[in-house]
Amino acid sequence: MFWRIAGLSTASPVETILDKEGFTLEELLDEDEIIQECKALNGRLLNFLREKTQVEQLIKYIIEEPPEDAENKRMFKFPFIASEIFTCEIEMILKPLVEDEELMILLFSFLESKQAHDTSLAAYFSKVIICLLVRKTVPFMQFVKDHQEILKQLVDLIGITSIMEVLKRLIGTDEHLYTNYTNAMQWIEDTDILEMIVDKFGSSDSPDVHANAAEILCTVTRFAPPGLGAKISSPSFIRRLFQHALEVTRPKSVLVNSLSVCISLLDPKRFTLGAYHIYGHQLTHGTMVTNPETVDGMLGNLGDLLHLLNVSSDEGILLTTYGKLQPPLGKHRLKIVEFISVLLTIGSESAEKEVIRLGGVKRILDLFFEYPYNNFLHHHVENVILSYLESKNTEPLDHILSECDLVRKILEAEKDSTLAADLDKPTVPVEGRKPPRIGSIGHLTRISNKLTQLANSNTEIQSHLQENSEWTKWQTDVLSKRNTLENVYSWACGRPTSLLDRTRDSDDDDYQDRDYDVAALANNLSQAFRYGIYSNDDMDEAQGSMERDDEDVYFDDESAEVVISSLRLGDDQESGSLFTNSNWFAFEDEREAKERSMSSPLASPSPKAETGGDADDDDDDDDDVVIGEEVNDSDDRAMPSPSVETKPEDDGANKSEDEKTPGWVEWRETSDSDEAPPLVMGNGEVEMDVEEKVNNTENSSSPEESGEVSGSDTSKPTGPEEATKAAEEEEEEEEPSRMETDKAVKEKS
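The following block contains the structure:
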């Protein structure tokens, strides 16, 4: 490498240590550049580190707790550097480790119960184990297979998150490992690893253990091989799970995390544990179809779960800003309602009937109105109601409308929308204050709108609503007005109104959240670059942009996305911005106007050209105004006075209508004196005098080169005297026209 060449860089400090006699491993670990030298495959360094003595010492730094009187670098730096050396994935170091059984036994001795399990050391240990599992899968899995007590030791330490990550990899939830090393990983399916994990719900009281065990089991339901997937969805496993969850003496965290596993079994795409939302697009083993036997196993314990929704026996009190909860709902009741919500969405007829038979829907609706400020609860109850309203069976629909009397409860809540001061209810307002408005109005509005929508296609719902005159009146007087008021797409607050998909879930990918047509944007960008609007200054495109082929400036959807991600979208729909869905390419109107002025006979030349004079300079263009044309308000050079129409000249009477040209005037004051005052233009500038015109005439290009229209006399002055004479003749010829114009302006004013 170039830094090894003499003269380009100084020698590495690691090389200096290696040149010494009797250097130690601690000296190398204390050097900051050792990791970089390992990644650079320093031969001398790797030959030293691959020795069994050095590998053994590196392992001890990772698994052994440092003495209390040890230095800081022994406590923190050396374990970190040792783990980083192993995770550099160097073959010369990993191979001697994984093939030496004594070293592997020493490494896994960290899991022994007599060993202290510091969380920092556990993280270093897990990094090394996962590195060996990924890079040396076959020999590593063979060692674990020969020493299966390692699995039990890992499960015992499942409360440590880094150990939990090792377990997830071992049981086959890593897609790459299981696909490429099926034979080496498949033996895990024949072990009782899942039973050992679920038994942690009954043997440990730590919430961390329960949460990590549930996370592993939820991961198995989504990514594990078919063997483990079939085992975890079996009725026997479900019964074992509910046995721990419904045990009275167990903490509530057991019930909450056990139900998370059941929810994941019913809906594998539903990520109940937030840490795994990143794996949403890695479902490769296929979505697990809910087994009817799995559902039946859950329904057998549904009665005991619904019994826990009764809050009358609890005596807890939680003070809030709006009052007090006696008792609070609690995580376990919220999780039960969520579980029933997911259970009803899978379309199981037996589940719908069982929930109705046990009175689950009535109890859930009561909780909806008893806890009017728990929006998590309202969300799940709304899903339960919609599941029954959209059911293909008539029994659930009749139950929710008639027996549960959903419409009447909605109208009562709307009629008295403040929190009732009833001491017998779970939610009590603060004494001495005005009761606040209940917080479930939004969900009630959504449910009411869903009822109205379904009534258009369901005769049973329609007849039920029409029979209730109070509902009809409330729908007309309150609901319709509320929907109009709360329609965010009609708010005049600058929000784009051209949303194509207003019903899309907000959890979709960000690249789909766009209010513009990418295909049209790509086409317009192509045209923009075709006309040289955004040309590169480094490339000579000023002359060739109009001649560029369409293929050279084609933009596909991906290119348009890249461009629009770096530019701000236009906020004004009427501004004609390039990046809006309204009038695209405002510059095109200007370009077309210029083309018409060059090609149309109505584009009149200057009066000097009509009289055979020279074409005007660019500086003189500000002095000319076309009579009869509308002055652009946006032009900063627009004249302050109104446009003046002049009578056509006598010689123009013989011309046809197409050949008539509008007159040209100059805004200058006339005087009876011999010396004319300086001309003041509309923008406040003073017209150049005759000598400046002479100089400009000498330096200006010919009419043929500038492309301007000239008269029949195409000759130009060759000297100062001729130029001065020509300029005086031009002023004399223009004097009558100016006098007529000034007279017309005075008359009109």
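With the sequence shown counted from 1, adding 394 to any position gets you this note's numbering. Positions of the beta carbon are idealized from the N, C-alpha and C atoms, including for glycine.
| said: Within a Cβ cutoff of 8 Å, which residues of the same chain sit near Glu-776, ignoring the five residues on either side of it in sequence? | reply: As a working mapping, residue 776 is identified with position 382 in the sequence shown. Excluding positions up to five away in sequence, the list reads His-837, Arg-840 and Ile-841.
| field | Endpoints, the beta strand (DSSP E) within which Thr-821 is located | value | Taking the first residue of the sequence shown as 1, we reach residue 821 at position 427. Counting along the chain, the beta strand (DSSP E) containing Thr-821 begins and ends at 821-823.
| field | Spatially closest choice to Asp-599 from His-638, Asp-586 and Ile-610, by CA coordinates | value | Indexing the sequence shown from 1 puts residue 599 at position 205. The shortest C-alpha separation from Asp-599 is found at His-638.
| request: Provide the residue span of the beta strand (DSSP E) that contains Lys-1223, from first to last. | output: Beyond the ends of the chain as shown, which are 395 and 1143, falls residue 1223; an answer cannot be given.
| field | Nearest to Ile-565 (by Cα), restricted to the options Glu-589, Ala-434 and Gly-553 | value | Counting from one through the sequence shown, the residue named residue 565 turns up at place 171. Here the closest residue by C-alpha is Glu-589.
| field | Of the listed residues Leu-783, Asn-704 and Lys-725, nearest to Thr-739 (C-alpha basis) | value | The residue given as residue 739 occupies position 345 in the sequence shown. Of the candidates Leu-783, Asn-704 and Lys-725, the one whose C-alpha sits nearest the C-alpha of Thr-739 is Leu-783.
| query | Where do the N-terminal and C-terminal ends of the alpha helix (DSSP H) with Met-469 fall, by residue? | reply | Here residue 469 refers to the residue found at position 75 when the sequence shown is read from its first residue. No alpha helix (DSSP H) contains Met-469, which DSSP labels as neither H nor E.
| query | In this structure, does DSSP put Thr-688 in helix, strand or coil? | reply | As a first step, residue 688 must be located in the sequence shown, where it is residue number 294. In this structure, Thr-688 counts as helix in the three-state DSSP scheme.
| Which of the three DSSP states, helix, strand or coil, is assigned to Thr-812? | By one-based count along the sequence shown, residue 812 stands at place 418. Here Thr-812 sits in strand by DSSP.
| query | So, helix, strand or coil for Leu-702, using DSSP? | reply | If you number the sequence shown from 1, residue 702 lands on position 308. The answer is coil: DSSP assigns Leu-702 none of H, G, I, E or B.
| task | Using the Cα positions of Thr-418 and Asp-661, report the straight-line distance between them to the nearest angstrom. | result | Looking up residue 418 in the sequence shown gives position 24. Looking up residue 661 in the sequence shown gives position 267. Distance between the alpha carbons of Thr-418 and Asp-661 is about 57 Å.
| Are Leu-696 and Leu-752 close, meaning C-beta to C-beta below 8 Å? | Position 302 of the sequence shown holds residue 696. Position 358 of the sequence shown holds residue 752. Against a cut-off of 8 Å, the Cβ pair of Leu-752 and Leu-696 comes out as a contact.
| message | Using only the alpha-carbon positions, how far apart do Asp-1013 and Ser-884 sit? | response | Taking the sequence shown and counting its residues from 1, one reaches residue 1013 at position 619. Taking the sequence shown and counting its residues from 1, one reaches residue 884 at position 490. Any reading at Asp-1013 is ruled out, since the residue's pLDDT is 45, under 50, leaving its predicted position unreliable.
| query | Where does Glu-609 land, buried or exposed, given buried means 16+ other C-beta within 10 angstroms? | reply | The residue given as residue 609 occupies position 215 in the sequence shown. Buried: at least 16 other Cβ atoms inside 10 Å.
| task | Could you tell me whether the segment 710-719 touches the segment 753-761, where touching means 3 or more Cβ pairs closer than 8 Å? | result | no
| query | Looking at Asp-494 and the ligand SAH, is the gap between the Cβ and the nearest heavy atom below 7 Å? | reply | As far as ligands go, the structure on display features none, and thus does not contain the ligand SAH.
| query | Any idea what DSSP makes of Leu-817, helix, strand or coil? | reply | Position 423 of the sequence shown, counting from 1, holds the residue named residue 817. It is coil, neither helix nor strand.
| Exposed or buried, which one is Ile-711 when buried takes at least 16 other CB atoms within 10 Å? | The count along the sequence shown starts at 1 and reaches residue 711 at position 317. With fewer than 16 other Cβ atoms within 10 Å, it is exposed.
| Residue ranges of each alpha helix (DSSP H) within the segment 557-607, 4 or longer | 569-574, 576-579, 587-592 and 594-597
| message | With H, G and I counted as helix, E and B as strand and the rest as coil, what does DSSP make of Arg-831? | response | Position 437 of the sequence shown, counting from 1, holds the residue named residue 831. It is a strand residue.
| query | According to DSSP, what are the bridge partners of Leu-712? | reply | For the purposes of this step, residue 712 is taken as the residue at position 318 of the sequence shown. For Leu-712, which the question treats as bridged, DSSP gives the partners Leu-719.
| If you check the beta carbons only, do Pro-620 and Asp-690 fall under 8 Å apart? | Numbered from its first residue, the sequence shown carries residue 620 at position 226. Numbered from its first residue, the sequence shown carries residue 690 at position 296. Cβ atoms of Pro-620 and Asp-690: not closer than 8 Å.
| query | So Lys-729 packs on Val-650, CB below 8 Å; how close in whole Å? | reply | Taking the first residue of the sequence shown as 1, we reach residue 729 at position 335. Taking the first residue of the sequence shown as 1, we reach residue 650 at position 256. Sure, about 5 Å apart at Cβ, within 8 Å.
| message | I need the straight-line Cα distance from Leu-551 to Lys-646, nearest angstrom please. | response | Here residue 551 is taken as the residue at index 157 of the sequence shown, counted from 1. Here residue 646 is taken as the residue at index 252 of the sequence shown, counted from 1. Cα-Cα distance, rounded: 21 Å.
| field | Cβ-based neighbour list, Pro-407, same chain, cut-off 7 Å, excluding 5 preceding and 5 following | value | Here residue 407 refers to the residue found at position 13 of the sequence shown. Correct list, in chain order: Glu-425 and Glu-427.
| message | For Leu-611, tell me which candidate among Asp-602, Pro-601 and Leu-622 has the shortest Cα-Cα distance. | response | In the sequence shown, residue 611 corresponds to position 217, counting from 1. Minimum Cα distance to Leu-611 is reached at Leu-622.
| request: Step through the CB atoms of chain B and report whether any lies within less than 8 Å of the CB of Ser-796. | output: Checking the listed chains, one finds no chain B in this structure; it contains a single protein chain.
| task | Can you tell me which of Val-749, Asn-769 and Gln-547 puts its alpha carbon nearest to the alpha carbon of Ser-781? | result | As a first step, residue 781 must be located in the sequence shown, where it is residue number 387. Ranking Val-749, Asn-769 and Gln-547 by Cα distance to Ser-781 puts Val-749 first.
| query | Exposed or buried, which one is Leu-817 when buried takes at least 16 other CB atoms within 10 Å? | reply | Here the question's residue 817 lines up with position 423 in the sequence shown. So Leu-817 ends up on the exposed side.
| query | Under a Cβ-count criterion, where at least 16 other Cβ atoms within 10 Å of its own Cβ denotes burial, should Ser-742 be classed as buried or exposed? | reply | Position 348 of the sequence shown holds residue 742. When all chains shown are included, Ser-742 counts as buried.
| said: In whole angstroms, give me the CA-to-CA distance for Thr-846 and Met-579. | reply: Residue mapping note: residue 846 aligns to position 452 of the sequence shown, counting from 1. Residue mapping note: residue 579 aligns to position 185 of the sequence shown, counting from 1. Going by the C-alpha atoms only, they are around 54 Å apart.
| request: Give the straight-line distance between the Cα atoms of Thr-866 and Glu-880, rounded to the nearest whole angstrom. | output: For the purposes of this step, residue 866 is taken as residue 472 along the sequence shown, with counting starting at 1. For the purposes of this step, residue 880 is taken as residue 486 along the sequence shown, with counting starting at 1. Whole-angstrom Cα-Cα distance: 20 Å.
| field | 7 Å Cβ shell around Val-736 - same chain, five flanking residues per side excluded | value | By 1-based counting over the sequence shown, the position of residue 736 is 342. Excluding positions up to five away in sequence, the list reads Ile-657, Leu-660, Asp-661 and Arg-664.
| Between which two residues does the alpha helix (DSSP H) containing Cys-432 stretch? | On the sequence shown, position 38 is the one that residue 432 refers to. Per DSSP, Cys-432 belongs to the alpha helix (DSSP H) from 428-433.
| request: Determine the DSSP secondary structure at Val-538, reduced to helix, strand or coil. | output: Taking the first residue of the sequence shown as position 1, residue 538 is located at position 144. Of the three classes helix, strand and coil, the one that applies to Val-538 here is helix, per DSSP.
| request: State yes or no: is the C-beta of His-774 within less than 8 Å of the C-beta of Glu-732? | output: In the sequence shown, residue 774 corresponds to position 380, counting from 1. In the sequence shown, residue 732 corresponds to position 338, counting from 1. For His-774 and Glu-732, yes; Cβs fall inside 8 Å.
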